Ligand SMILES: Nc1ncnc2c1ncn2[C@@H]1O[C@H](COP(=O)(O)OP(=O)(O)OP(=O)(O)O)[C@@H](O)[C@H]1O
Ligand SMILES: [Mg+2]
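Numbering (this note's numbering), first residue to last: 309 to 791.
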């Protein structure tokens with residue numbers, strides 16, 4: 309029933325709680341509909357982006373954290389279902405609401421079967437759209453809450469979960485306990501997979517502020533503008549798409565810890581801003597003149613040689629000294645082989661618990677694990693055991709269940725075409741090295757690129773080349789990609 313009061317509410321609908329953290333992409337070739345939807349979504353508090361074609365939509369999906377898509381099923385030059393599939397491929401998590409024309413309910417049914425979240429038929433009223441978007445926001449909020457909860461549970465389990473009795477590890481525990489008692493920054497160094505994040509969580513949970521947030525930020529995986537707005541926040545209108553203000557993580561973590569992972573990847577201008585934030589204990593959101601006080605503990609980690617980066621001028625010396633008040637160096641697994649049996653037991657116990665059975669390992673297989681070099685450290689050990697358990701239905705893991713590189717020479721010259729003169733072309737060597745690295749890290753391309761000392765894009769380009777040469781790329785690559 310529409311009364312004077314609720315009619316007023318309808319014409320100025322209240323913002324949906326939490327909607328200003330949600331990004332909605334509106335895809336429609338009809339400008340009037342696009343803008344109409346945008347207005348409604350913005351009035352509800354959504355951050356919005358618009359696209360007039362499927363192609364434009366795909367590009368936007370790649371560059372921003374889209375949570376939901378309002379997709380017109382009738383776009384010029386693209387089938388609606390195809391567009392839906394492609395969107396789902398780009399961002400599996402995004403909720404897609406399809407907009408169908410009158411009398412095409414059949415395509416809406418198919419879209420729902422193919423993973424659309426909901427549908428609406430044209431023409432629709434503002435109130436219909438509003439109810440739909442409210443449902444979307446509710447769904448997304450629940451998803452986020454679940455994730456935060458899972459992360460919190462995971463982080464709590466992280467405390468005290470570091471396995472290892474090697475003398476270097478004992479030393480590490482003492483430093484962690486001490487670091488927990490202070491509020492100074494700590495720089496955590498270690499190769500990939502040595503447990504830097506695990507150690508950071510342990511420091512947080514060893515401290516007095518363990519009930520405050522622990523927020524990890526991956527400085528390596530975000531584009532610079534996004535890291536800046538993630539860390540410092542932004543005001544409305546700070547850049548295209550910033551339709552609503554957003555608090556920075558350094559402020560949100562109030563009283564807790566921000567863990568800056570891959571700090572070595574932070575662009576130089578942001579290094580300067582971070583230094584100022586730490587020194588002055590305040591931040592300036594992007595586009596704002598106001599400063600916001602912060603009270604947060606900074607932990608940072610990197611697998612890069614920061615001292616060298618400082619010497620080469622790619623990392624600021626002053627920031628390095630700020631972060632480096634306390635340094636923790638986690639030894640690579642090959643330097644503490646005595647911990648391998650303990651770690652194996654720990655991982656097998658976990659896998660067995662999850663699968664509801666008991667897994668053991670043959671002496672011969674354990675010996676192979678002890679002799680291997682573990683370039684991907686504890687993470688690689690975990691992956692190898694998980695793979696072995698998945699491959700074998702028996703309760704005891706055998707040598708043959710382990711990844712080949714663990715019991716064979718790392719470079720397989722047999723697999724190469726051997727020319728008569730015995731000289732292997734450089735390109736062939738390179739190919740083999742890359743494929744070997746990928747196998748060793750279970751297909752984790754980010755890690756492989758890092759271990760090979762080449763850029764991620766270079767690796768992707770090479771793999772594309774091999775693919776076009778009909779190389780069996782991806783056969784060895786496991787479930788993990790990118791990272
Ligand atoms: N000492 C340890 N005891 C038990 N588990 C460990 C240990 N070290 C690492 N792990 C496990 O290995 C995996 C990788 O650890 P983590 O993510 O902390 O490593 P990382 O150094 O941050 O790696 P990357 O550089 O690749 O980000 C996690 O599943 C973690 O729980
Ligand atoms: Mg890490």
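Glycine included, C-beta positions come from ideal geometry on N, C-alpha and C.
Because the structure is a prediction, the values reported are computed rather than measured.
Buried versus exposed call for residue i [16 or more other C-beta atoms within 10 Å across all chains shown]
i	result
residue 410	exposed
residue 370	exposed
residue 635	exposed
residue 519	exposed
residue 734	exposed
residue 497	buried
residue 450	exposed
residue 581	buried
residue 719	Residue placement at residue 719 is flagged as unreliable, the pLDDT there being 38, under the threshold of 50; the coordinate-derived value follows with that caveat. Answer is exposed; the Cβ neighbour count stays below 16.
residue 563	exposed
residue 319	Its pLDDT being 37, under 50, residue 319 is placed unreliably by the model, and nothing is read from it.
residue 407	buried
residue 687	buried
residue 599	exposed
residue 773	exposed
residue 633	exposed
Endpoints, the alpha helix (DSSP H) within which residue i is located
i	result
residue 649	648 to 663
residue 475	475 to 489
residue 565	Premise fails: residue 565 lies in the beta strand (DSSP E), 565 to 569, not in any alpha helix (DSSP H).
residue 747	734 to 748
residue 526	Element bounds for residue 526: not the alpha helix (DSSP H) but the beta strand (DSSP E), 522 to 526.
residue 626	625 to 631
residue 758	753 to 760
residue 370	362 to 371
residue 677	671 to 679
residue 577	576 to 588
residue 331	Residue 331 -> not in any alpha helix (DSSP H); beta strand (DSSP E) instead, spanning 331 to 335.
Residue i beta carbon near ligand 1 (any heavy atom closer than 6 Å)
i	result
residue 505	yes
residue 351	no
residue 502	yes
residue 560	no
residue 758	no
residue 482	no
residue 661	no
residue 564	no
residue 686	yes
residue 388	no
residue 761	no
residue 744	no
residue 611	yes
residue 470	yes
Distance cut-off 6 Å: residue i Cβ against heavy atoms of ligand 2
i	result
residue 569	yes
Option in the options with minimal Cα separation from residue i
i	options	result
residue 355	564, 550, 626	550
residue 601	359, 584, 374	584
residue 334	562, 403, 564	403
residue 579	396, 353, 750, 622	622
residue 543	700, 564, 593	593
residue 493	670, 364, 631, 618	631
residue 751	767, 426, 657, 674	767
residue 561	528, 524, 641, 537	524
residue 655	472, 581, 637	472
residue 680	598, 577, 707, 760	707
residue 595	540, 617, 572	540
residue 346	669, 373, 379, 367	379
residue 536	517, 521, 559, 515	559
residue 624	440, 574, 611	574
residue 349	397, 445, 572	445
residue 648	677, 660, 633	677
residue 641	364, 490, 501	501
residue 441	556, 628, 331, 694	331
residue 390	367, 763, 507, 418	418
residue 795	412, 372, 637, 365	In this structure the chain extends from 309 to 791, so residue 795 is not present and cannot be described.
residue 714	745, 532, 336	745
Residue i: first and last residue of the uninterrupted beta strand (DSSP E) it sits in
i	result
residue 532	Taken as a continuous stretch (DSSP letters only), residue 532 belongs to no beta strand (DSSP E), being part of the alpha helix (DSSP H) at 532 to 540.
residue 636	634 to 637
residue 355	355 to 359
residue 427	426 to 429
residue 604	Counting along the chain, residue 604 falls outside any beta strand (DSSP E), and DSSP gives it neither H nor E.
residue 408	403 to 408
residue 378	376 to 380
Short CB-CB distance (under 7 Å) between residue i and chain C
i	result
residue 571	No chain C appears in the structure shown, which is made up of a single protein chain.
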